[in-house]
Structures are given as structure tokens and as C-alpha cells.
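From first to last, the protein sequence lines stand for chains A and B. As numbered in the working numbering, residues 1 to 403 make up the first sequence, in order. As numbered in the working numbering, residues 1001 to 1383 make up the second sequence, in order. Glycine is no exception: its CB is placed at the ideal position from the N, C-alpha and C atoms. Computed from a predicted model, the values in this text were never measured in an experiment.
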Amino acid sequence: MSKFPIYLDYSATTPVDPRVAQKMIPYLTEMYGNPASRSHSLGWAAEEAVEWSREQVAALVNADPKEIIWTSGATESDNLAIKGAANFYASKGKHIITVKTEHKAVLDTFRELERVGFEATYLDVQENGLLDLEVLKAAIRPDTTLVSVMMVNNEIGVVQDIEAIGEICRAKGIIFHVDAAQATGKVEIDLQKLKVDLMSFSAHKTYGPKGIGALYVRRKPRVRLEAQMHGGGHERGLRSGTLATHQIVGMGEAFRIAKEEMASENERIGKLRDKLLAGLSDMDEVYVNGDLQHRVPHNLNVSFNFVEGESLIMAVKELAVSSGSACTSASLEPSYVLRALGRNDELAHSSIRFTIGRFTTEEEIDYTVDLLHKKIGKLRELSPLWEMHQDGVDLNTVQWAAH
Amino acid sequence: MFAPAYFDANATTPLDARVLDAMLPYLGARFGNASSRHEYGRQARAAIDTARQQVAVAVGAHPTELVFTSGGSEANNLFIKGAAASRKPGVMAIGATEHPCVRLPALHVQQHGWRVVQLMPDADGQVNVDAAVALIVQDRPAVVSVMLANNETGAINDIAPIAAATRQAGGWFHTDAVQALGKMPVDFRGLGVHAMTLSSHKIYGPIGAGALVMDKRVDVPALIAGGGQERGLRAGTENLAAIVGFGVAAELAVAEMSERTARQRAARDVFENGLGAIGAQVFGAAADRLPNTSFFAFEHIDGETLVAKLDRAGFAVASGSACSSADAEPSRTLLAMGVEPGLARGAVRVSMPHDVELNDVDRLLRALKQTVDELKHLAAVAI
């Protein structure tokens, strides 16, 4: 039977695929050279491994390996892309656009740019989590230089229409950055087709190791960036620092596997998600957050009405799931992503993000459905609000008295 | 793969087997995201806390003073750019022999109104303390950065009086201690510095982890914004396995320092005696130096050529710092020491790992002698 707690938090981080770990280990033992060492064979062997990995990452997204820059992760990639491009093109304008449901790595970077004189627009999304392209078009100004929209949302898994947004941006000569940390290995990405200028990747969301990511920087038409880390001039001067060969090899192997197995894996995971959804849907007052059509098969984000958020998390200790994104889950604030969909605080608080992955089994899904039925039932038995709801009282009309 | 005898430990070090053992569970079943509020996340958080404690103890700092980064380059960038952003632009003083990841961020902030001055070394490669203190008293730099030990010559800077003068003048003092850790005692508080950079892969830990140790009274903005990790000073999912490895490596580096450095010093002495006999000039020979580093040249012999021939003979050595070993410019460190550019182009660096074998040192000396004789012969024929 399954290992407890059951891991259904693949969007927070994934285990390293054992095949990836196997590939990494030689670079932690006998092949320990610094890829920047040009004077001996240990350095060359490391450099060769780094370039092989660059090809794998490029291949997954149909890019040229020369367009891939290694970073320490998607957060650094987002910072480098957004600050790097905004600063480089600052003489053309200082207006930048993003969306309210982006990851903190994008939102905090935008805030930082606002503090140094940029003007930022944070676009609303529709109730289904998707960006209305007309809203984007209306926000674009003559001095807009950069638009940043994530491909797959980390909390609700919805997939934005990157192709259409790319067309809009390219027509206006605006740099378009896409955070694809949650997209690799889950949706097809073709950078020959998509008019994306900059794209962030992470290894540890795609069964690679933590501490490594990449940034795609388009060469045709050429996109320029101001480096954020200066030093030894690694990565064509865009990102200095000794390259972590073993981690890079891990990312290369993880992305190679992703390319090879994405189609069959999505099908299997989609079936598990559908089973989970079907299992939860036969309870009352359960709401799926985010569009179900334009969505990766891995994600199911559900709000359980008439259940208090913290007790819900306490009640499902057998599951490793998250309420809101991992990065913000230390705070008791309701998820800003769910709030942006127009969910009220109660529904946002009582949400669970289930993210299914490579090692999830059908038994684990069955167990989860069963557990939630029991626990939600029990929590609602204790809830006076649920009782009132059962009695047909519309809680929105109740006048609450303070004691 | 054919394994050369490794004499390039200042570029990167092989991973200690005990460090690898400590890391492997985190590349396996303990894979959680330290920000997650479930068992996997708590396990990851606890492992990072342990590593933070280990690294802090290794340098005499408090765990809460540590910010984990992706490595030394990032930590140096974080401090130099962060300090420049948080203080009123004025004078920034850096050692003339600093690594590019201190020097280039410093040059970068000139565009924000900073004036960068260099603290020059003596002929032996150590920053001249009297001159540095005099400059600090006069120019009152708001930010000063002087490395504890140089990556090329191994020269150890006497930073305590420079740090004290900086503090006195109201400035923040930072030291890049990446090469020093594990090869000499490093005491964050004893040195009186405000900030210090450390790296894992120079102390037999994995590449991909480093730290900025920083006095709580020093306030710098993050270089990488995002999820609020590392007290808001460094966003991004923590590199769990590498951080765990860094912690264990730091603990071992301090626990085993005396035996490691005794072995390195003995090997280096043998090596430099041999070098003298075949006519090499050792840079900074008279200076207080790291016990594992020899930076030397032979008159009229090109360093790149020598290094390439040694590689073919099975020895991994360097012709300068690894990051810049692709360019043919002579070492800035040597030029700052007043070494004539012609001789500087001949520079070769041998940096011994802690488990260096005397037998390999003898073999290296023989190979060096043979190669130098051949090259001299060729040069003579050419004339």
C-alpha cells in the first residue's frame, strides 16, 4: 500500500526521478570538474555534459540550445527576464504589464521595478482564471515594453492562451515573458510557433533537482537583457557563477524524459484526475476553482463550502496537499489567486490543491476520495453553518449579531 | 574516464563521500519543498535548519545571520549591489585582486553614482594595510570589500584592521572568504566584518550552494525577489540537497582543518622546493598564504602551453582563475602586484586538494621539469 502521507503536491516540488538521480551521481563523484576550467580534461567533460543538457532543454521547447541560459531556478529566471528586459529597454518606456494570478517571483519583481520608477499594470482574470485578451489589449500603452504572463498557473493549473498573447505583443513590439515553470512536461511548448521572447523553466517541477532552472532568450528577433549577476562571465555574460554540472545534467535528463513520456503520462494522470474529480463531485457544495477545459491534467483545486480552512488541513493529515501555493502557505491570508477569481474568503480558505504526478497511483486516489468523504462529512456535522444551510437558510441574508 | 591527478582545488573540489551520503536521501525520498506545510515540507525545513547551524558554527556566526544562495558569485553580487542600493551613493573601496564577481558588480554600480577605488596589494599580493586604512580614513567609503584569501596566489589579507577602520568610518565591510574556509581559521565576529561570502564547492561540498553571512544591522534588498525565502533576502525554492551537503562539508572542513592543512602545507613545501630547483618564480612566496596554493611562472614559457602539456600528461592544473581561464589576458592579480606582463602570461596555478598524495607531487614535478626542458629547447632552436 501507499507511503503516508500520500504525496499530492507535485506542483510544490516533484521527487527527482530515479533515472535522473542515476545520471547526476557520476557528476557528483568522479566527474567533478568545473565546466569553466579550460585547461584540463575534467573541465571539458563537465562542459560537454552541460552542453548536452542544454540541448535537451532546448529540444523540449523546440528552441536553439544557444537560446538557453542556466540559472539557479525559475525564480531567478523570472527576475533576470523581467528586471533584465525592463532595465535594458527602459529608454523605450517604463510601463510593464502582468496578471494578478502570477507567481510571487513575477509579482514581487514587478513591485521592485515599481519602486525604482516603473509603472506596472496588474490585469484581472476572469472567473475561470483565464486572461481576457481584450483586457490585455486595452492595457497596452505606447510606452509598454514588457508583458509577463505565466503559461500554467501553479495553484489552479489553468493554461493561458500564450499563442494569442504572443501575437498581440509581437504586433506592438513588446517583449513577452512567460513563466513556464509549471508547464514543462505537461503542455506542448513550441517556441518556433509561439511568439515568446523570454521563458522561465525550473527543473524541480519536472522531476529534476532543485537549485537549477533556465531562461530562454530569443535570438531572432534578438532580445537583450541586462545581467543581474556579474562575475566570471559565464553564460555569455548573462549569468555569472560556477555552473552546477550535476544539477544541470539532472535538468537535462529530466527534460529529456519529459519530452519522451509527456503524451502517455498526461493521459494516465488525466484519468487519475478525472477519477478524483468524479469522486469529490458527488459531495454537495464542492467547487472546482479555475477552468476545467484549459487546464493541465495534473491539477485539481477544490473549495469545500461550510468547512473551515485550517481544520480541513488538520483533518487530512494523511495527505500531503497544499492550500494555496507552497510559497505563501505559511501565511494565513487566503490565496490571492482564488481571490482574483472572485472567490470569497471562506471558499478561498477552504480550498485544497491536489496535484497529481508521475508516481501517483490509482489506490492513492481511491484512498483520497474516501478520506475526504469521511472527513468533510464529519467537519460539516460540527458546523452550525452547514446545519443552517441544510435547513434552507441563505447565509448571505443572515444578519449576524456581535456579542 | 581517465582520471588525471587533480591540482585545481581552488577552481572546484571533489565531493567528499560523506557529503554525498548526506545528500542522497534529499535526491530521493526526502524531496519536499521547505515551504510546504506537510511532513515532506517540514522534513526539508528541518534539514535546512541543521545545515544553517553547521555553516554558522563553522565561521563563528549565528544561524540567523546566514542567507543561503546559489553560490559565492551570487552572495558577492547580493552584498555589493544590495549595499550600493541601500546606501547613499559615495565611495566604494575594493581590493585590486578581488574575484570578478566582486569587481564587476562594483563597476556596475558606478552607473548609479558610486565611485570605485581600489586597495592595492604589495608585491607579495597582500593588500597593503596601512595604505588601505589611510584611504578609508580619508575617503570614508560606505562599502569596502577585501577578500580574505586570494584564489590565484593564495595570499591572505590582514582584513581585521581594514574592517575596523571601515567600521570606524561608518562603512560596511565585506569579505569574500570563499577560498579561505577550510584552509585557515575563519571567524566572522573575530574579524569584525559586516558581511562574508562562503561557497560549498570549494570545501568538498556540492556546486550550487553558498551563503552570505551578514550582520543583522546591515540591511540590503534582495537580488532575487519572489517567494520570501531566506528572510526575504533570497527568493526561490531552496536547493535542499546542496544545502544539506554544504552544511556537512562546512562541519568537516573545520573539524579536519588541522590535518588537512598540515598535509597540504607539507606537499606544497615539497612542490615549491622542487619548483625552485627547476627555476620557477613563485608569486607571493614571502606572503602569508593558503597552505595549498602555488602560483608560479617560468621565464619565456607560456602558461597556457605549459598547462595544456600537463593536461596531456595527466595533471589538472590551472593557468589563472577558472572563470577567466578562457581569456588570454594576464592575471589582474599579478599585474596589480607589479609583475611584468610577459612573466604574468607564464603563470600557472597549482592548488592541492586536502588528500593530496606526495607521490603525485613528485610525478607533477618530474612532468613539469620535462615539459619545461622541452619548451626551453624548442625556444632555443627557434632563436
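| Asked | Found |
| --- | --- |
| Where do the N-terminal and C-terminal ends of the alpha helix (DSSP H) with aspartate 1311(B) fall, by residue? | 1303-1312 |
| Which same chain residues, not among the five before or five after alanine 1322(B), have their C-beta less than 7 Å away from its C-beta? | Low confidence applies here, because alanine 1322(B) scores a pLDDT of 47, under 50, leaving its location unreliable and the question unanswered by this model. |
| Can you tell me which residues form a DSSP beta bridge with valine 1213(B)? | Leu1066(B), Met1196(B) |
| Would you check if the stretch 1297-1308 of chain B and the stretch 1177-1193 of chain B touch, i.e. whether three or more CB-CB distances between them fall below 8 Å? | no |
| Is there a Cβ of chain B sitting closer than 7 Å to that of asparagine 301(A), yes or no? | no |
| Please state whether DSSP places valine 159(A) in a helix, a strand or coil. | strand |
| Heavy atom of the ligand PLP less than 6 Å from the Cβ of alanine 1169(B), yes or no? | Ligands are entirely absent from the displayed structure, and the ligand PLP is therefore not among its contents. |
| Is the Cβ of tyrosine 1204(B) closer than 7 Å to any Cβ of chain A? | no |
| Hey, is serine 264(A)'s beta-carbon within less than 7 Å of any beta-carbon in chain B? | no |
| Output needed for asparagine 266(A): all residues of its chain with C-beta closer than 6 Å, excluding positions within five of it in sequence on either side, in chain order. | Pro297 |
| Beta strand (DSSP E) containing asparagine 299(A): first to last residue? | 299-304 |
| Mind checking which residues open and close the beta strand (DSSP E) that includes tryptophan 70(A)? | 68-71 |
| Please tell me whether aspartate 303(A) and serine 351(A) are closer than 7 Å, where the distance is taken between their beta carbons. | This sequence places serine at residue 303(A); aspartate is not what is there. In contact: serine 303(A) and serine 351(A) (Cβ atoms closer than 7 Å). |
| In this structure, how does DSSP classify histidine 389(A) when only helix, strand and coil are distinguished? | helix |
| Have a look at Glu308(A), Lys100(A), Gly117(A), Asn299(A) and flag the residue whose alpha-carbon is nearest the alpha-carbon of phenylalanine 354(A). | Asn299(A) |
| Select from the stretch 40-59 of chain A all residues with a C-beta closer than 8 Å to any C-beta belonging to chain B, and list them in chain order. | His40, Ser41, Leu42, Gly43, Ala45 |
| State yes or no: is the C-beta of glycine 129(A) within less than 7 Å of the C-beta of valine 158(A)? | yes |
| Could you compute how far the alpha carbon of proline 18(A) sits from the alpha carbon of glutamate 260(A)? | 16 Å |
| Under DSSP, the alpha helix (DSSP H) around isoleucine 352(A) begins and ends at which residues? | It is not in any alpha helix (DSSP H) - isoleucine 352(A) instead sits in the beta strand (DSSP E) that spans 351-355. |
| What are the start and end residues of the beta strand (DSSP E) that includes glycine 1095(B)? | 1091-1095 |
| Please state whether the Cβ-Cβ distance between isoleucine 1224(B) and asparagine 396(A) is less than 7 Å. | no |
| Cα-Cα, which of Asn1076(B), Glu1074(B), Gln1053(B) is closest to leucine 1066(B)? | Gln1053(B) |
| Kindly say whether valine 1307(B), judged by its beta-carbon, lies nearer than 7 Å to any beta-carbon of chain A. | yes |
| DSSP state of glutamine 247(A), grouped into three classes? | helix |
| Near phenylalanine 1407(B), what residues of its chain come up, given a Cβ to Cβ distance below 7 Å and the 5 sequence neighbours on each side ignored? | For residue 1407(B) there is no data in the structure shown, the boundaries of chain B being 1001 and 1383. |
| In whole angstroms, what separates the C-alpha of alanine 181(A) from that of valine 152(A)? | 8 Å |
| Along the alpha helix (DSSP H) that carries methionine 1120(B), what are the first and last residues, could you check? | Looking at the DSSP string, methionine 1120(B) is not in any alpha helix (DSSP H), and its letter there is neither H nor E. |
| Around the C-beta of serine 325(A), are 16 or more other C-beta atoms found within 10 angstroms, so that it is buried, or is it exposed? | Low confidence applies here, because serine 325(A) scores a pLDDT of 42, under 50, leaving its location unreliable and the question unanswered by this model. |
| If you count every other CB in all the chains shown that lies within 10 Å of the CB of methionine 1337(B), and 16 or more means buried, which is it? | buried |
| Which of the residues in the stretch 332-354 of chain A, read from start to end, lie with their CB under 7 Å from any CB of chain B? | none |
| What three-state label does DSSP hand aspartate 1288(B) in the structure shown? | coil |
| For alanine 1075(B), which three-state DSSP category applies? | helix |
| Nearest to arginine 1345(B) by CA position, among Asp1373(B), Phe1295(B), Ala1313(B), is which residue? | Phe1295(B) |
| If you check the beta carbons only, do leucine 60(A) and alanine 214(A) fall under 7 Å apart? | no |
| Run through DSSP, which three-state label would arginine 19(A) get? | helix |
| Consider the Cβ of alanine 960(B): report whether some Cβ of chain A lies at a distance smaller than 7 Å. | Chain B is shown only over 1001 to 1383; residue 960(B) falls outside these bounds and no answer can be derived. |
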